[in-house]
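One structure below.
In our numbering, the protein residues as written are 1 to 82.
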């Protein structure tokens with residue numbers, strides 16, 4: 001599953017530089033995660049780095065974007081193959 005950022009985001013900017021896939025960017029009101037680039041850090045780290053640094057715990061799994069670990073790894077390979 002890709003991650004998502006909820007309305008509790010305080011725009012602190014700590015998550016964006018932590019994303020190894022450049023999936024996080026500033027949205028109109030809060031930061032957003034591009035689900036096509038989010039691998040939950042599979043292929044890079046054991047845990048999603050954005051969740052680790054978020055001071056308000058506003059980055060849950062997106063229930064509308066279910067992906068297995070194998071699917072996340074395949075996405076990682078596509079992203080990093082360029």
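Glycine is no exception: its CB is placed at the ideal position from the N, C-alpha and C atoms.
From the options, residue whose alpha carbon lies closest to that of residue i
i: residue 43; options: 73, 6 and 81; result: 73
i: residue 65; options: 31, 40, 12 and 10; result: 40
i: residue 29; options: 80, 8 and 67; result: 8
Beta-carbon proximity list for residue i, same chain, < 6 Å, skipping 5 on both sides
i: residue 85; result: Since the first residue of the chain shown is 1 and the last is 82, residue 85 is not available in this structure.
i: residue 23; result: 33, 34, 37 and 38
i: residue 26; result: none
Segment limits, alpha helix (DSSP H) that includes residue i
i: residue 74; result: 69-80
i: residue 32; result: Residue 32 -> not in any alpha helix (DSSP H); beta strand (DSSP E) instead, spanning 31-33.
i: residue 9; result: Per DSSP, residue 9 belongs to no alpha helix (DSSP H) and is neither H nor E.
i: residue 53; result: 49-53
For residue i, the first and last residue of its enclosing beta strand (DSSP E)
i: residue 59; result: No beta strand (DSSP E) holds residue 59; DSSP gives it neither H nor E.
i: residue 26; result: 24-26
Neighbourhood of residue i by C-beta, 7 Å cutoff - its chain only, sequence neighbours within 5 removed
i: residue 61; result: 1 and 3
i: residue 12; result: 55
i: residue 76; result: 39, 42 and 43
Residue i classed as buried or exposed, judged by whether at least 16 other C-beta atoms fall within 10 angstroms
i: residue 71; result: exposed
* To do: Evaluate the contact criterion for the segment 46-65 versus the segment 12-23: three or more CB pairs, one atom per stretch, below 8 Å.
  => yes
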